[in-house]
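Counting from 581, one number per residue, gives the positions in the sequence shown under our numbering. Using N, Cα and C, we set each Cβ at its ideal position, and we do this for glycine too. Just so it is clear, the structure is predicted and the values come from calculations on it, not from any experiment. Structure first, then comments.
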Amino acid sequence: VDDMFVLLRYFSNLGVEFITERDTSEILGETLAQAGPGTTLSSLCNILTFTCAAFLPLRALSDFCVGAALIALCNYLVMVNVFVPTLAFEANRIKARAADPHPLVCFCHQR
């Protein structure tokens with residue numbers, strides 16, 4: 581989950597001007613260029629650590645570590661394959677200067 585906040589932070593740090601002037605692929609490329617190595621390294625460390633700990637002789641702890649390694653792998657795959665494309669939708673929304681598509685936004689942005 582912390583990888584999501586890292587990706588969001590670097591996406592937000594690009595600024596509205598950068599997002600409105602650039603192509604979506606360039607925006608995502610810049611976001612991943614800044615946040616990608618850190619998120620990949622932290623996920624890789626989590627996966628490797630839990631995988632190594634899965635070989636401990638304690639059965640319950642070993643089972644927990646196998647599950648944690650699989651969850652860390654799935655988390656990384658979701659961040660790259662689901663969350664990053666969601667940032668593309670957000671970049672397109674910012675370019676269009678549209679309101680946030682949340683059900684409660686109508687109370688904040690009445691036209």
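Pick helix, strand or coil for residue 603, following the three-state DSSP scheme. By one-based count along the sequence shown, residue 603 stands at place 23. Correct three-state label for residue 603: coil.
Under a three-way DSSP split, which group does residue 679 fall into? Walking along the sequence shown from the start, residue 679 turns up at place 99. Residue 679 falls in the coil class under three-state DSSP.
Kindly list the residues whose CB is nearer than 8 angstroms to the CB of residue 673, restricted to its own chain and excluding five residues on each side of it in sequence; keep chain order. To locate residue 673, count along the sequence shown from 1; it is residue 93. The answer, listed in chain order, is 680, 681.
Can you find at least 3 beta carbon pairs, one from the segment 591 to 603 and one from the segment 622 to 638, that sit closer than 8 angstroms? no
From 683, 675, 637, pick the residue whose C-alpha is nearest to that of residue 596; which is it? For the purposes of this step, residue 596 is identified with residue 16 of the sequence shown, where counting begins at 1. Comparing Cα-Cα distances from residue 596 to each of 683, 675, 637, the minimum goes to 675.
If residue 657 sits next to residue 591, beta carbons under 8 angstroms apart, how far is it from one beta carbon to the other, in whole angstroms? One-based indexing of the sequence shown puts residue 657 at position 77. One-based indexing of the sequence shown puts residue 591 at position 11. Not confirmed; about 19 angstroms, so no contact.
Taking 7 angstroms as the limit between beta carbons, can you name the residues of its chain near residue 610, skipping five residues before and five after? Indexing the sequence shown from 1 puts residue 610 at position 30. Here the set comprises 594.
Can you give me the Cβ contacts of residue 589 inside the same chain, cut-off strictly under 8 angstroms, excluding the 5 residues immediately before and after it? Residue 589 sits at position 9 when you count from the first residue of the sequence shown. Excluding sequence neighbours, residue 589 sits near 615.
Please go through the same chain and pick out, in chain order, the residues whose beta-carbon is closer than 8 angstroms to the beta-carbon of residue 598, but skip the five residues on each side of it. Your numbering for residue 598 matches position 18 in the sequence shown. The answer, listed in chain order, is 607, 610.
What span of residues does the alpha helix (DSSP H) with residue 655 cover, start to end? As a working note, residue 655 is residue 75 in the sequence shown. That run of the alpha helix (DSSP H) goes 639 to 658.
For residue 645, is the classification buried or exposed, using 16 other Cβ atoms within 10 angstroms of its Cβ as the cut-off for buried? Taking the sequence shown and counting its residues from 1, the one referred to as residue 645 is at position 65. With 16 or more Cβ atoms within 10 Å of its Cβ, residue 645 is classed as buried.
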